[in-house]
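Chains as they are written, first to last, in the working numbering: chain A, 8 to 197; chain B, 8 to 197. Written below as structure tokens is the structure these notes are about.
Number of protein chains: 2
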Amino acid sequence: MTILQAIEKHITLSKEEGNYLLSILDAKVLKQGEFIETAGKITEHFIYVKSGCLMTYYTNEQAHDHVIQFAMPNWWTGDLNSFTKQVVSAYSTRALADSEVLLIQKKDLDTLLDRFPVFEKYFRIIFQNSLITHQNRIVQNIAATAEVRYLEFQKKYPSLEQYVPLKYIASYLGITPEFLSKIRRRLMER
Amino acid sequence: MTILQAIEKHITLSKEEGNYLLSILDAKVLKQGEFIETAGKITEHFIYVKSGCLMTYYTNEQAHDHVIQFAMPNWWTGDLNSFTKQVVSAYSTRALADSEVLLIQKKDLDTLLDRFPVFEKYFRIIFQNSLITHQNRIVQNIAATAEVRYLEFQKKYPSLEQYVPLKYIASYLGITPEFLSKIRRRLMER
DNA sequence: CTAGTTTCTTAATCTAGTTCAAGATATCCC
DNA sequence: GGGATATCTTGAACTAGATTAAGAAACTAG
């Protein structure tokens with residue numbers, strides 16, 4: 008599925024609108040492990056995932072990584088705070104597998120939204136859906152055990168467990184790799 | 008501050024646009040403790056808080072409440088999932104203090120967005136900012152101790168602690184009231 | 001004012017999840 | 001292919017936070 012087809016699930020685009028969007032997108036291929044944004048720098052791009060998989064994570068003072076989100080094909084990702092306000096980013100984003108991404112710069116996105124307001128609607132819908140997902144995750148984090156969160160993760164990202172190191176999944180769940188190991192054994196034994 | 012003034016911090020409205028918005032808003036006064044939406048029903052309204060304070064929470068099978076968010080004056084709130092998809096809500100929303108709210112129905116919001124696309128931009132910005140806040144909270148939940156989360160809560164909602172029962176704050180933080188008590192004593196003793 | 005209810009705290013006991021350390025597997029790269 | 005490196009698991013000791021229970025404080029409403 009092309010990015011235009013994905014977008015047209017939510018809104019209708021004219022030729023001109025579609026072409027203009029494509030003209031400001033910058034395609035990039037990422038090797039597994041490669042960084043696209045780095046904590047400590049200002050986020051240059053909002054990122055659309057064409058193929059592969061990325062993750063965005065926070066590294067604390069003790070150098071522990073905390074995975075905020077995984078990004079699958081046809082999702083937008085990146086540090087929205089740093090991108091929006093053009094402040095130094097707290098998060099890094101890198102490829103978990105060989106990936107293709109489309110990048111858009113802040114000034115180009117601003118121009119796009121100004122010239123073709125239909126994209127306001129598109130991003131309104133995207134952000135609204137994302138907000139619902141985030142609210143869900145917060146409820147899970149405060150109300151559910153790690154085991155339940157793990158089972159929910161498997162439902163939400165069925166393909167991911169095969170090729171993402173378990174330590175990142177543990178991090179996403181907010182637990183240690185050791186404890187995830189225990190949970191997995193417990194589940195196997197049943 | 009009126010709702011139109013609040014909105015005009017983000018976008019510019021014509022007389023007609025402003026008046027149309029006002030015409031579809033339904034003002035309501037809530038007594039402390041009063042429900043505006045209830046888990047198990049379809050969320051009828053997206054809620055704008057004029058004054059007072061609301062909370063939205065999830066109640067699990069063991070009848071434990073989990074506070075998802077507090078809503079302060081000039082914020083929008085409610086169960087976005089239930090409202091957007093018109094499915095049964097998992098959350099309840101009620102007033103923590105005597106409050107004034109403005110309500111908008113789904114069909115009226117849809118019409119508003121259709122007739123006056125400038126509101127697409129407004130809600131795009133609102134949802135985008137909210138998403139940033141939610142991402143922040145997720146990081147905190149998986150990376151920070153309860154004590155740090157409590158201190159952050161106090162920064163974010165300086166006025167709230169005075170009149171919101173501590174048990175709801177504990178719930179928002181994802182801990183028990185008893186443990187919040189311990190944290191508070193620990194902090195006092197320093 | 002007072003009885004009843006809700007909220008807050010304290011303390012003892014318990015458990016989900018962490019930390020540390022070590023061994024076992026798998027993956028990468030020359 | 002083999003050595004180096006990263007990942008995954010296991011277990012023992014530990015700690016953040018939960019649970020239970022009970023008393024103190026605060027806020028209702030009659």
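All C-beta atoms in this analysis are idealised placements derived from N, C-alpha and C, irrespective of residue type, glycine included. This structure is a prediction, so every number in the text was calculated from the model and none was measured.
Minimum Cβ-Cβ distance from residue i to chain A less than 7 Å
i       : result
V146(B) : yes
N81(B)  : no
I128(B) : Rather than Ile, the amino acid found at residue 128(B) in this sequence is Lys. So yes, K128(B) belongs to the interface.
G40(B)  : no
R131(B) : yes
I49(B)  : no
Y157(B) : no
Y65(B)  : yes
Chain-order list of residues whose beta-carbon lies under 6 Å from that of residue i (same chain, five-residue window excluded)
i       : result
S80(B)  : Inspection of the sequence shows that residue 80(B) is occupied by Pro rather than by Ser. If we look at P80(B) and ignore the five residues flanking it on each side, its Cβ neighbours are V56, S58.
E107(A) : V36, K57, S58
N- and C-terminal bounds of the alpha helix (DSSP H) containing residue i
i       : result
I14(A)  : 10 to 14
A177(B) : 173 to 180
Y170(A) : 167 to 170
Whole-Å CB distance - residue i paired with residue j, under 8 Å assumed
i       : j       : result
F77(A)  : L167(A) : 6 Å
G181(A) : N148(A) : 6 Å
F123(A) : E24(A)  : 5 Å
I145(B) : R144(A) : 6 Å
D115(B) : I31(B)  : 4 Å
L187(A) : Y164(A) : Actually they are not in contact, since the Cβ atoms of L187(A) and Y164(A) sit about 14 Å apart, beyond 8 Å.
L119(A) : L28(A)  : 7 Å
I205(A) : V125(A) : The requested residue 205(A) does not occur in the structure, where chain A is confined to residues 8 to 197.
E127(A) : E127(B) : 4 Å
Q142(B) : H141(A) : 7 Å
Endpoints, beta strand (DSSP E) assigned at residue i
i       : result
Q76(B)  : 72 to 78
L37(B)  : 33 to 37
Y64(A)  : 61 to 66
I190(A) : No beta strand (DSSP E) holds I190(A); the alpha helix (DSSP H) holding it covers 184 to 196.
I43(A)  : 42 to 44
H52(A)  : 52 to 58
Minimum Cβ-Cβ distance from residue i to chain B less than 7 Å
i       : result
H209(A) : The requested residue 209(A) is not part of the displayed model; chain A covers only 8 to 197.
Q135(A) : yes
A150(A) : yes
I111(A) : no
I139(A) : yes
G181(A) : yes
L87(A)  : yes
P124(A) : yes
H1(A)   : Nothing can be reported for residue 1(A), as the shown portion of chain A is limited to 8 through 197.
N26(A)  : no
Y55(A)  : no
I31(A)  : no
I75(A)  : yes
Close beta carbons around residue i, own chain, < 8 Å, minus the five adjacent residues each side
i       : result
R193(B) : E154
L61(A)  : L37, I43, I54, F77, A78, T84, T100, R101, A102, L103, S106, V108
N67(B)  : H73
K151(B) : Checking the displayed sequence, the identity of residue 151(B) turns out to be Ala instead of Lys. Closer than 8 Å at Cβ, skipping near neighbours: E159.
Residues of its chain near residue i, where Cβ-Cβ distance is below 7 Å and the 5 sequence neighbours each way are ignored
i       : result
T50(A)  : E44, G85, D86, S89, F90, S96
Y98(A)  : A46, T63, Y64, Y65, I75, D86
W82(B)  : V56
K48(B)  : V95, S96
I14(A)  : L20, Y129
Q112(B) : E51, H52
I190(A) : A153, E154, Y157
Ordered list of alpha helix (DSSP H) runs contained in the segment 84 to 161 of chain B, each at least 4 residues:
You should have 87 to 92, 113 to 122, 125 to 150.
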